[in-house]
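I have placed the structure first, in the form of structure tokens, so that the comments after it can refer back to it.
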Amino acid sequence: MIDFEQLFARDLPTPAARLRGWPRYNFTGGHNDPEIVPVEELIASTERVLRRDGRSLAAYNQGGDPLGYAGLRAFLADKLASKRGIETAADDILITSGSLQGLDLVNEVLLEPGDTVIMEQLTYAGAIERARRRGASVVGVPLDQGGMRIDLLAAALERLRASGVRPKYIYTIPTVQNPTGTVLDLERRRQLLALSDAHGVPIFEDECYADLLWEGMWPTAIRGLEGGAQVIHIGSFSKTLAPALRLGYVSAPWTVMSRLLACKTDGGTAALEQMVVADYFGAHFDDHVGRLKAALRQKLEALTGALEEQFGAAAEFMPPRGGIFLWVTLPDQVDTAALAGPALEAGVAFNPGLAWAVDPAAARHSLRLCFGHPPVAEIRAGIAKLAEVCHRETGVPERSANVARNQALQSG
Ligand SMILES: Cc1ncc(COP(=O)(O)O)c(C=O)c1O
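Structure follows, in structure tokens:
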């Protein structure tokens with residue numbers, strides 16, 4: 002009888018729980034809209050690329066560059082230039098297995114136990130966890146409606162400098178921030194670059210959601226701005242196409258890229274996916290993303306409408322101008338981590354805010370709702386169910402649709 006518990010490495014994360022199935026109303030994670038996955042077109046692309054280049058799959062990296070499939074990197078070089086203002090050669094782009102692999106690689110080459118990194122006070126849970134697992138301490142900088150507060154970042158950098166600490170990076174999601182949906186304007190982007198330069202602390206820019214703006218153009222990526230050549234930039238196809246494909250990318254200075262590449266020892270990111278995405282997006286990026294954004298916008302409207310109807314003034318939120326998330330804050334008596342269990346029992350899954358906060362206490366009353374996956378009717382039904390459970394557990398909301406909730410329940 003082998004006692005594995007005696008054998009496991011130290012400092013492992015909490016063991017995974019067995020999956021209990023897909024919740025009836027699933028507002029968790031960063032899932033995409035299943036209706037918009039272009040199944041027929043992907044079938045056609047798959048057939049085309051396999052007929053043309055299928056035999057190249059016999060060799061690791063298709064016998065080519067470990068940076069990834071050249072056709073996808075060429076597509077990205079064009080897209081980064083035209084949409085994000087980043088002028089880069091295709092040979093300076095690394096394709097990764099999801100942008101999470103980009104995050105892991107950047108952490109691997111930069112972080113050691115005892116290091117410090119800076120992030121927005123509310124930010125992507127995966128980024129906080131990963132930095133902490135490498136033994137780094139995370140300093141959070143508050144946000145306002147315009148994203149990271151640059152004055153408070155400057156103060157944090159000064160404080161750290163005074164205590165002899167030079168952070169390894171400033172991680173930011175400037176364009177449709179996760180979870181708050183905020184966008185850092187051009188002025189703040191320039192100030193951020195100036196601070197990075199003054200303190201010798203690189204910017205690590207995560208632009209997972211930058212293609213999902215309802216209308217107009219976002220401010221140029223920080224890496225695309227004057228003085229931005231030292232910024233490490235990651236992006237993803239998860240949000241524009243499909244997360245299960247596991248395709249992301251890194252654009253970074255070669256000094257960093259050469260190190261990332263040396264650490265990417267996985268035998269190459271799945272090549273068929275890269276070829277299919279290059280073929281499909283090479284011809285259809287704008288029309289696909291246009292369709293997706295229209296669907297997502299409709300879902301966001303359904304979600305905010307349902308929250309207003311069911312929670313009234315009890316739910317505070319700022320509708321984002323793009324993306325897939327809504328960050329909602331409920332009154333102080335609602336502990337969203339405590340609410341998550343009963344909500345799930347009733348079929349409603351959401352992400353309690355605390356995992357998305359550098360200081361978890363600051364987000365105890367908040368939750369993140371992803372509106373990408375459920376259809377509009379389920380969004381409405383799911384929020385009605387959530388209000389019912391929340392009222393039962395916490396007394397919030399007191400009223401809905403202008404009717405006191407306990408009255409409505411008694412009469413219904
Ligand atoms: C800000 C941010 N970065 C990175 C990721 C990881 O995305 P992926 O690995 O699917 O590209 C996510 C996923 O939700 C995210 O929100």
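Our numbering applies: residue 2 is where the sequence shown begins, and numbers increase by one. Backbone N, C-alpha and C define an ideal beta-carbon position, used for all residues, glycine too.
Give me the residue from the options with the minimum Cα distance to residue i.
i	options	result
Tyr210	Pro220, Glu394, Asn179	Asn179
Gly313	Val329, Lys80, Pro375	Val329
Ile87	Glu216, Arg52, Glu227	Glu227
Leu123	Ala91, Asp54, Ile174, Lys84	Ile174
Gly141	Trp255, Ile171, Val166, Arg135	Ile171
Thr89	Ser83, Gly373, Ile96, Ala78	Ala78
Leu262	Val110, Leu214, Lys80	Val110
Asn189	Val40, Val166, Thr176, Arg381	For the sequence presented, residue 189 should be read as Arg rather than Asn. Out of Val40, Val166, Thr176, Arg381, Thr176 has the C-alpha closest to the C-alpha of Arg189.
Phe286	Leu368, Met2, Leu43, Glu6	Leu43
Val139	Thr221, Phe9, Asp116	Asp116
Ile325	Thr241, Leu106, Lys80	Thr241
Val335	Ala362, Pro168, Ala347	Ala362
Thr181	Thr337, Met319, Phe351	Met319
Ile233	Pro220, Gly217, Val257, Lys84	Val257
Leu214	Ser197, Glu317, Lys84	Lys84
Pro220	Pro168, Ala71, Arg322	Arg322
Could you name the residues of the same chain whose beta carbon sits closer than 6 Å to that of residue i, not counting the 5 residues immediately before and after it, in chain order?
i	result
Val38	Ala243
Val349	Tyr26, Gly383, Lys386, Leu387
Ala378	none
Ile235	Ser100, Gly103, Asp207, Val251
Gln63	Ser57, Ala272
Starting from the C-beta of residue i, find all residues in its chain whose C-beta is less than 8 Å away, skip the five residues before and the five after it, and write them out in chain order.
i	result
Ser98	Arg247, Leu248, Gly249, Asp267, Thr270, Ala271
Pro375	Tyr26, Asn27, Phe28, Lys300, Gly383
Arg49	Asp280
Gly127	Leu101, Leu104
Given this structure, state the Cα-to-Cα distance separating residue i from residue j, to the nearest angstrom.
i	j	result
Glu394	Arg365	15 Å
Leu73	Ala388	44 Å
Gly383	Tyr26	5 Å
Gln102	Ser164	32 Å
Asp34	Phe205	28 Å
Leu283	Asp212	First, the residue type needs correcting, since residue 283 is Gly and not Leu in the sequence shown. About 15 Å.
Ala341	Asp66	45 Å
Leu108	Leu194	A quick correction: the sequence has Asn, not Leu, at residue 108. The alpha-carbon atoms of Asn108 and Leu194 are separated by roughly 20 Å.
Ala82	Ala75	11 Å
Leu273	Val40	15 Å
Met276	Gly55	10 Å
Ala17	Leu104	21 Å
Val166	Arg224	25 Å
Cys391	Ala307	14 Å
Arg21	Pro203	41 Å
Thr15	Glu130	12 Å
Val278	Asp152	41 Å
Pro114	Gly136	4 Å
Leu187	Pro343	43 Å
Leu293	Phe238	13 Å
Ser367	Ala315	12 Å
Gly413	Glu6	Model confidence at Gly413 stands at a pLDDT of 36, short of 50, so the residue's coordinates are unreliable; what they give is reported in the following sentence. Those two C-alpha atoms are separated by around 52 Å.
Leu159	Tyr125	Here residue 159 is Glu; the residue named in the question, Leu, does not match the sequence. C-alpha separation (whole angstroms): 25 Å.
Could you check if residue i is buried or exposed, using at least 16 other CB atoms within 10 Å of its CB as the buried criterion?
i	result
Ser252	buried
Leu13	exposed
Asp4	exposed
Arg19	exposed
Cys264	exposed
Glu121	buried
Ala199	exposed
Phe9	exposed
Ser46	buried
Gly201	exposed
Gly291	exposed
Arg369	buried
Quick one: residues in its chain with C-beta nearer than 7 Å to the C-beta of residue i, no 5 flanking neighbours on either side, listed in chain order?
i	result
Arg11	none
Trp69	Sequence inspection shows Gly at residue 69; the Trp mentioned does not correspond to that position. Taken in chain order, the residues that qualify are Leu95, Ile96, Thr270, Gln275.
Ile380	Lys300, Ala303, Leu304, Ala307, Phe372
Gln231	Pro203, Pro254
Thr183	Leu144, Gln146, Gly147, Gly148
Leu345	Pro24
Task: Complete alpha helix (DSSP H) runs within the stretch 86-145 (minimum length 4 residues, chain order) - done: 100-111, 126-134
Task: Every unbroken beta strand (DSSP E) inside the stretch 244-298 [3 residues or more] - done: Segments of the beta strand (DSSP E) lying fully in the stretch 244-298: 249-252.
Task: Complete beta strand (DSSP E) runs within the stretch 161-226 (minimum length 3 residues, chain order) - done: 171-173, 204-207
TODO: Only counting runs of 4 or more residues, tell me where the alpha helix (DSSP H) segments fall wholly within the stretch 311-392, in order along the chain.
DONE: 337-346
Open item on the list: Threshold first: 4 residues or longer. Then list the alpha helix (DSSP H) segments lying entirely within the stretch 9-65, N to C.
Closed with: 40-54
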